[in-house]
Amino acid sequence: MTALPRRIIKETQRLMQEPVPGISAVPDDTNARYFHVIVTGPEDSPFEGGLFKLELFLPEDYPMSAPKVRFITKIYHPNIDRLGRICLDILKDKWSPALQIRTVLLSIQALLSAPNPDDPLANDVAELWKVNESEAIRNAKEWTRRFAMDN
Amino acid sequence: MNFFFDVVLNAFIRMLQLFWFGKRRISNSLSIYVKTNEGNTLCVDLDPKWDIKNVKEVVAPRLGILPEDLKVILAGKELHNSTIIEECDLGQQSILHVVRTQPGRNRTRKLNLPQDTIEELASENSDVNESGSKPMNETLTDLPLEEAEESVTTISEQEQEENRAHFYVYCSAPCKSVQPGKLRVRCERCSSGAVTVDRDPQCWPDVLLPQRITVHCENDFCLPPLSVTHTEEIESQILYAKFYFKCANHTSLGETDESVPLYLIKPNLRKVPCLACTDIRDTVLVFPCEAGHVTCLDCFCDYCTARLHDRHFEFDTVHGYYTLPCPTGCPDSYILEVHHFHLLNAHQYEQYQRFGTEEYVLKAGGLLCPQPDCGMGIIPQSPDTDTTDEECRKIQCIGGCGYVFCRRCLQGFHVDDCETQHPVLSSSQNPATGTYAVDPLKAKDAKWDEASKKTIKVSTKPCPKCRTPTERDGGCMHIVCTRAGCGFQWCWVCQTQWTRDCMGNHWFG
Ligand SMILES: [Zn+2]
Ligand SMILES: [Zn+2]
Ligand SMILES: [Zn+2]
Ligand SMILES: [Zn+2]
Ligand SMILES: [Zn+2]
Ligand SMILES: [Zn+2]
Ligand SMILES: [Zn+2]
Ligand SMILES: [Zn+2]
Numbered sequence: 001m002t003a004l005p006r007r008i009i010k011e012t013q014r015l016m017q018e019p020v021p022g023i024s025a026v027p028d029d030t031n032a033r034y035f036h037v038i039v040t041g042p043e044d045s046p047f048e049g050g051l052f053k054l055e056l057f058l059p060e061d062y063p064m065s066a067p068k069v070r071f072i073t074k075i076y077h078p079n080i081d082r083l084g085r086i087c088l089d090i091l092k093d094k095w096s097p098a099l100q101i102r103t104v105l106l107s108i109q110a111l112l113s114a115p116n117p118d119d120p121l122a123n124d125v126a127e128l129w130k131v132n133e134s135e136a137i138r139n140a141k142e143w144t145r146r147f148a149m150d151n
Numbered sequence: 001m002n003f004f005f006d007v008v009l010n011a012f013i014r015m016l017q018l019f020w021f022g023k024r025r026i027s028n029s030l031s032i033y034v035k036t037n038e039g040n041t042l043c044v045d046l047d048p049k050w051d052i053k054n055v056k057e058v059v060a061p062r063l064g065i066l067p068e069d070l071k072v073i074l075a076g077k078e079l080h081n082s083t084i085i086e087e088c089d090l091g092q093q094s095i096l097h098v099v100r101t102q103p104g105r106n107r108t109r110k111l112n113l114p115q116d117t118i119e120e121l122a123s124e125n126s127d128v129n130e131s132g133s134k135p136m137n138e139t140l141t142d143l144p145l146e147e148a149e150e151s152v153t154t155i156s157e158q159e160q161e162e163n164r165a166h167f168y169v170y171c172s173a174p175c176k177s178v179q180p181g182k183l184r185v186r187c188e189r190c191s192s193g194a195v196t197v198d199r200d201p202q203c204w205p206d207v208l209l210p211q212r213i214t215v216h217c218e219n220d221f222c223l224p225p226l227s228v229t230h231t232e233e234i235e236s237q238i239l240y241a242k243f244y245f246k247c248a249n250h251t252s253l254g255e256t257d258e259s260v261p262l263y264l265i266k267p268n269l270r271k272v273p274c275l276a277c278t279d280i281r282d283t284v285l286v287f288p289c290e291a292g293h294v295t296c297l298d299c300f301c302d303y304c305t306a307r308l309h310d311r312h313f314e315f316d317t318v319h320g321y322y323t324l325p326c327p328t329g330c331p332d333s334y335i336l337e338v339h340h341f342h343l344l345n346a347h348q349y350e351q352y353q354r355f356g357t358e359e360y361v362l363k364a365g366g367l368l369c370p371q372p373d374c375g376m377g378i379i380p381q382s383p384d385t386d387t388t389d390e391e392c393r394k395i396q397c398i399g400g401c402g403y404v405f406c407r408r409c410l411q412g413f414h415v416d417d418c419e420t421q422h423p424v425l426s427s428s429q430n431p432a433t434g435t436y437a438v439d440p441l442k443a444k445d446a447k448w449d450e451a452s453k454k455t456i457k458v459s460t461k462p463c464p465k466c467r468t469p470t471e472r473d474g475g476c477m478h479i480v481c482t483r484a485g486c487g488f489q490w491c492w493v494c495q496t497q498w499t500r501d502c503m504g505n506h507w508f509g
């Protein structure tokens with residue numbers, strides 16, 4: 001395995017020393033490019049009280065290409081699919097090498113606070129979120145209770 | 001009396017020659033050319049430890065004049081007697097210009113010069129040994145990319161030292177690589193290097209744009225064109241500097257040996273961390289955006305490589321260069337000197353040039369031969385691609401591989417309708433893309449779940465519109481062709497245009 005770039009080491013150190021409130025990101029024992037992430041559901045969101053596990057992987061050409069992130073904990077959210085993949089512009093075409101793991105995690109946290117059903121999503125969650133928001137929020141709370149608490 | 005004086009002078013000169021000959025056993029000598037304003041060139045060996053006064057003492061006898069009657073010019077500056085050779089950015093076979101300053105000669109030349117110039121010259125002549133300054137490379141501070149604001153702040157010698165300008169060039173021959181560069185200047189009218197600038201350049205526009213800085217030209221043969229009107233005559237007295245660069249890595253191959261300045265590459269004087277790797281490196285590339293974003297040269301290459309890989313260079317709208325903007329997406333930040341891409345290796349630069357040409361053909365309404373290893377640019381006679389006329393659909397790669405293909409589906413030419421719905425590419429049809437044929441089982445394998453097992457599988461399929469190989473490494477099935485100018489939105493599964501159905505059925509596979 002090639003040496004870990006200094007940038008990744010620095011970012012990791014900073015994540016350890018000054019963690020983002022409500023987010024923990026710990027590198028895997030065997031692969032320093034693979035992070036175990038836990039995001040707490042933001043207050044006043046349907047995800048409040050939940051602890052969401054994510055995985056984050058830094059590809060070979062990071063930071064020229066974006067980290068790969070996925071929810072492991074099931075979540076009812078219009079911008080996150082059944083397999084936990086996230087629809088977030090900075091993970092795709094809006095990625096810039098000036099952004100960091102920290103920025104990505106903050107953006108994901110923000111996405112939990114403010115779901116965006118108008119993003120090019122046509123899955124059933126987004127559909128319901130648009131048609132019947134209160135029911136969608138009820139579902140989200142229910143999923144949070146079932147999958148993101150006491151696990 | 002006159003005769004006697006000449007004898008004494010000659011004896012004196014001979015003595016000097018002997019004296020200097022003795023002293024000329026130089027440890028690491030610098031072989032340079034001395035050019036006079038009368039058009040003579042002498043080859044002289046110098047000790048880098050000598051000062052300019054020593055140089056004059058060596059050169060003057062060979063010209064048959066006194067050292068006091070000489071001035072030495074390098075890169076637009078008359079050098080002061082106390083300047084040490086090694087302080088100047090002289091290399092082997094560099095050129096120093098020497099100019100005679102006998103009062104008699106100057107007087108004849110002065111006749112048609114404006115009044116203030118006469119006074120300047122007169123004051124110079126009164127104490128010629130104290131005239132001149134340090135060389136430009138010692139005094140020039142780092143040049144900003146934009147017009148410099150009038151800064152009146154005086155800086156200490158130490159600060160000046162730390163803030164000294166360093167130049168980088170692309171040396172096309174013989175080095176064929178990015179090298180440190182040397183700034184030189186010549187007279188715009190006669191191309192003589194025996195000029196002194198009236199002020200130092202303060203910003204890159206001063207160096208790159210014409211007629212920003214005036215010079216005093218010492219070339220006797222620098223003649224103004226015949227002027228008719230009085231204004232023309234006055235204008236013809238004004239001479240401008242023309243700056244150019246030489247590679248500092250190889251022995252000068254003469255006066256025409258120039259290199260392209262890579263003005264975005266700078267010494268990292270402000271110790272700015274690279275925006276990608278966050279290391280503070282000595283040499284950086286400063287993007288021409290308002291924020292002046294900085295990357296180290298390694299990360300710049302990574303950036304270019306990544307963008308080259310998915311053909312994501314762009315045409316800047318103003319000049320049409322095939323180039324890249326600041327990686328953080330700042331507006332108006334295109335790199336306009338594309339020689340900077342020589343920081344890539346030779347193979348990548350070749351690829352960059354090829355892609356640029358291909359994109360240009362496509363932009364001009366042409367298309368590229370779809371045969372692998374050909375990619376010849378073809379501009380068909382009829383511009384419209386929507387034609388159903390068989391003959392207009394039929395394109396032959398003339399001048400390339402000779403392949404005859406259908407313009408609409410880019411497959412081998414066929415008489416019937418194009419099979420655009422499911423272009424299953426059999427390997428016999430297209431060996432390069434055949435292996436990327438959609439196999440639903442394979443597509444399942446490439447899903448994120450597998451990817452999370454530490455290996456993210458990357459697979460490639462051609463854009464259904466322009467055939468640019470596109471990679472997908474996880475994420476959704478909605479693909480936007482990254483090729484600038486195409487931007488076709490397509491579905492990885494169906495390999496046709498992205499539809500609402502794709503979104504509903506297999507957005508994430
Ligand atoms: Zn060179
Ligand atoms: Zn001239
Ligand atoms: Zn860097
Ligand atoms: Zn920028
Ligand atoms: Zn061809
Ligand atoms: Zn066809
Ligand atoms: Zn395309
Ligand atoms: Zn589809």
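Line order of the protein sequences matches chains A and B.
The first sequence lines up with residues 1 to 151 when you count with UniProt numbering.
The second sequence lines up with residues 1 to 509 when you count with UniProt numbering.
Yeah, the Cβ is synthetic: ideal placement off N, Cα and C, and Gly gets one too.
Computed from a predicted structure; not experimentally measured.
Quiz item: Where does E146 of chain B land, buried or exposed, given buried means 16+ other C-beta within 10 angstroms?
Solution: Here residue 146 of chain B refers to the residue found at position 146 when the second sequence is read from its first residue. Looking at its Cβ environment, which holds fewer than 16 other Cβ atoms inside 10 Å, E146 of chain B is exposed.
Quiz item: Going by DSSP, what residues sit across from D45 of chain B in a beta bridge?
Solution: Start at 1 with the first residue of the second sequence, and residue 45 of chain B comes out as number 45. In the DSSP output, where bridge partners are listed per residue, D45 of chain B has B:S31.
Quiz item: According to DSSP, what are the bridge partners of R186 of chain B?
Solution: On the second sequence, residue 186 of chain B is found 186 positions in, with the first residue counted as 1. B:K242, per the DSSP bridge assignment.
Practice problem: Identify each residue in the segment 269-290 of chain B for which the Cβ-Cβ distance to at least one residue of chain A is less than 8 angstroms, and report them in chain order. | Solution: L275, A276, C277, T278 and D279
Quiz item: What does a CB cutoff of less than 6 angstroms around H36 of chain A pick up in its chain, not counting 5 residues either side in sequence?
Solution: Translated into positions along the first sequence, residue 36 of chain A becomes position 36. Closer than 6 angstroms at Cβ, skipping near neighbours: V26.
Quiz item: In this structure, does DSSP put K141 of chain A in helix, strand or coil?
Solution: On the first sequence, residue 141 of chain A is found 141 positions in, with the first residue counted as 1. Helix, per DSSP.
Quiz item: What residues in its chain sit with their C-beta under 7 angstroms from that of L269 of chain B, if we drop five residues either side in the sequence?
Solution: Here residue 269 of chain B refers to the residue found at position 269 of the second sequence. So the list reads D142, E162 and N163, once near-sequence residues are dropped.
Quiz prompt | Backbone CA spacing between residue 155 of chain A and R407 of chain B [nearest angstrom] | solution = Lying outside 1 to 151, the shown extent of chain A, residue 155 of chain A is not represented and no answer is given.
Practice problem: Please find out if some non-hydrogen atom of ligand 2 comes closer than 7 angstroms to the beta-carbon of R189 of chain B. | Solution: Your numbering for residue 189 of chain B matches position 189 in the second sequence. Under cutoff, so the answer is yes.
Self-check item: Residue of A:E133, A:P97 and A:N123 minimising C-alpha distance to A114 of chain A
Solution: Here the question's residue 114 of chain A lines up with position 114 in the first sequence. Of the listed residues, the one whose Cα sits closest to A114 of chain A is A:E133.
Quiz item: How many Å lie between T499 of chain B and N123 of chain A at the Cα?
Solution: Within the second sequence, residue 499 of chain B is the residue found at index 499, counting from 1. Within the first sequence, residue 123 of chain A is the residue found at index 123, counting from 1. For T499 of chain B and N123 of chain A, the distance between alpha carbons rounds to 14 angstroms.
Quiz prompt | N37 of chain B: CB within 7 angstroms of a non-hydrogen atom of ligand 2 | solution = Start at 1 with the first residue of the second sequence, and residue 37 of chain B comes out as number 37. Result no, Cβ not under 7 angstroms from ligand 2.
Practice problem: Could you work out which residues of chain B lie near A32 of chain A, taking near to mean beta carbons separated by less than 7 angstroms? | Solution: As a working note, residue 32 of chain A is residue 32 in the first sequence. What A32 of chain A touches in chain B: nothing, since even the nearest Cβ is about 12 angstroms away.
Quiz item: So H342 of chain B is in the alpha helix (DSSP H); what residue range does that whole segment cover?
Solution: Within the second sequence, numbered from 1, the residue matching residue 342 of chain B stands at position 342. No alpha helix (DSSP H) holds H342 of chain B; DSSP gives it neither H nor E.
Practice problem: Using the beta-carbon of each residue, find all residues closer than 7 angstroms to any heavy atom of ligand 1 and list them in chain order. | Solution: B:C171, B:P174, B:C175, B:Q179, B:C247, B:N249, B:H250 and B:S259
Quiz prompt | Contacts around P174 of chain B, its chain only, beta-carbon distance under 7 angstroms, and the 5 residues preceding and following it disregarded | solution = Indexing the second sequence from 1 puts residue 174 of chain B at position 174. Only H250 meet the Cβ criterion.
Quiz item: The beta strand (DSSP E) spanning R14 of chain A covers which residue range?
Solution: On the first sequence, residue 14 of chain A is found 14 positions in, with the first residue counted as 1. Counting along the chain, R14 of chain A falls outside any beta strand (DSSP E), though it belongs to the alpha helix (DSSP H) covering R6 to Q17.
Quiz prompt | chain B contacts made by the segment 2-18 of chain A, where a contact means CB separation under 7 angstroms | solution = P5, R6, R7 and K10
Quiz item: Under three-state DSSP, which class holds R56 of chain A?
Solution: Within the first sequence, the letter at position 56 stands for residue 56 of chain A. According to the sequence as given, residue 56 of chain A is Leu; it is not Arg. Strand at L56 of chain A.
Quiz item: Considering only the beta carbon of each residue, do S107 of chain A and L83 of chain A sit closer than 8 angstroms?
Solution: Counting from one through the first sequence, the residue named residue 107 of chain A turns up at place 107. Counting from one through the first sequence, the residue named residue 83 of chain A turns up at place 83. No, the Cβ-Cβ distance between S107 of chain A and L83 of chain A is not below 8 angstroms.
Quiz item: Closest Cβ-Cβ distance between D302 of chain B and chain A: below 8 angstroms?
Solution: The residue labelled residue 302 of chain B in the question sits at position 302 within the second sequence. It does: the Cβ of D302 of chain B has a partner Cβ on chain A nearer than 8 angstroms.
Exercise. Could you list which residues in chain B have their beta carbon closer than 7 angstroms to that of D61 of chain A, in chain order?
Key: Taking the first sequence and counting its residues from 1, one reaches residue 61 of chain A at position 61. Simply D302 and A306.
Practice problem: Compare the C-alpha of L79 of chain B against each of B:L183, B:G132, B:I234 and B:G64 and name the closest. | Solution: Translated into the one-based positions of the second sequence, residue 79 of chain B becomes position 79. Checking every option, the nearest Cα to that of L79 of chain B belongs to B:G132.
Quiz item: How about G292 of chain B: is its C-beta nearer than 8 angstroms to some C-beta of chain A?
Solution: Start at 1 with the first residue of the second sequence, and residue 292 of chain B comes out as number 292. Chain A, which has no Cβ nearer than 8 angstroms to the Cβ of G292 of chain B, makes this no.
Quiz item: Between the C-alpha atoms of R33 of chain A and P144 of chain B, what's the straight-line distance to the nearest angstrom?
Solution: Your numbering for residue 33 of chain A matches position 33 in the first sequence. Your numbering for residue 144 of chain B matches position 144 in the second sequence. Rounded to whole angstroms, R33 of chain A to P144 of chain B spans 38 angstroms at the Cα level.
Exercise. Establish whether the CB of S107 of chain A and some CB of chain B are separated by less than 8 angstroms.
Key: Sequence index remark: in the first sequence, residue 107 of chain A carries index 107 (1-based). Output row for S107 of chain A: interface = no.
Practice problem: Using only the heavy atoms of ligand 2, determine whether one of them is closer than 7 angstroms to the beta carbon of S29 of chain B. | Solution: On the second sequence, residue 29 of chain B is found 29 positions in, with the first residue counted as 1. Answer for S29 of chain B: no, Cβ out of range of ligand 2.
Exercise. Just the chain A side, please: which residues come within less than 9 angstroms of G181 of chain B by C-beta, in chain order?
Key: Here residue 181 of chain B refers to the residue found at position 181 of the second sequence. Here the premise fails: no neighbours, minimum Cβ distance about 28 angstroms.
Self-check item: Environment of S252 of chain B [buried if 16+ CB atoms lie within 10 Å]
Solution: Within the second sequence, residue 252 of chain B is the residue found at index 252, counting from 1. So S252 of chain B counts as buried.
Quiz item: Apart from the five residues on each side of it in sequence, which residues of its chain come closer than 7 angstroms, Cβ to Cβ, to K74 of chain A?
Solution: By one-based count along the first sequence, residue 74 of chain A stands at place 74. W143 and F147, listed in sequence order.
Practice problem: Could you check what DSSP says for E314 of chain B in three-state terms: helix, strand or coil? | Solution: By 1-based counting over the second sequence, the position of residue 314 of chain B is 314. If DSSP states are grouped into helix, strand and coil, E314 of chain B belongs with the strands.
Quiz item: Checking contacts by CB at 8 angstroms: is residue 187 of chain A closer than that to chain B?
Solution: Because chain A in this structure spans residues 1 to 151, residue 187 of chain A falls outside the shown range and cannot be described.
Quiz item: Of the residues that make up the segment 304-338 of chain B, which ones have a beta carbon closer than 7 angstroms to any beta carbon in chain A?
Solution: A306, P327, T328 and G329
Exercise. Buried or exposed for M16 of chain A, please, with buried defined as at least 16 other CB atoms from any protein chain shown within 10 angstroms of its CB.
Key: Position 16 of the first sequence, counted from the start, is the residue given in the question as residue 16 of chain A. Per the 10 Å Cβ criterion, exposed.
Practice problem: Can you tell me which of the three DSSP states V493 of chain B falls into? | Solution: Here the question's residue 493 of chain B lines up with position 493 in the second sequence. DSSP places V493 of chain B in coil when its eight states are reduced to three.
Practice problem: Assign T139 of chain B to one of three DSSP states: helix, strand, or coil. | Solution: Counting from one through the second sequence, the residue named residue 139 of chain B turns up at place 139. Correct three-state label for T139 of chain B: helix.
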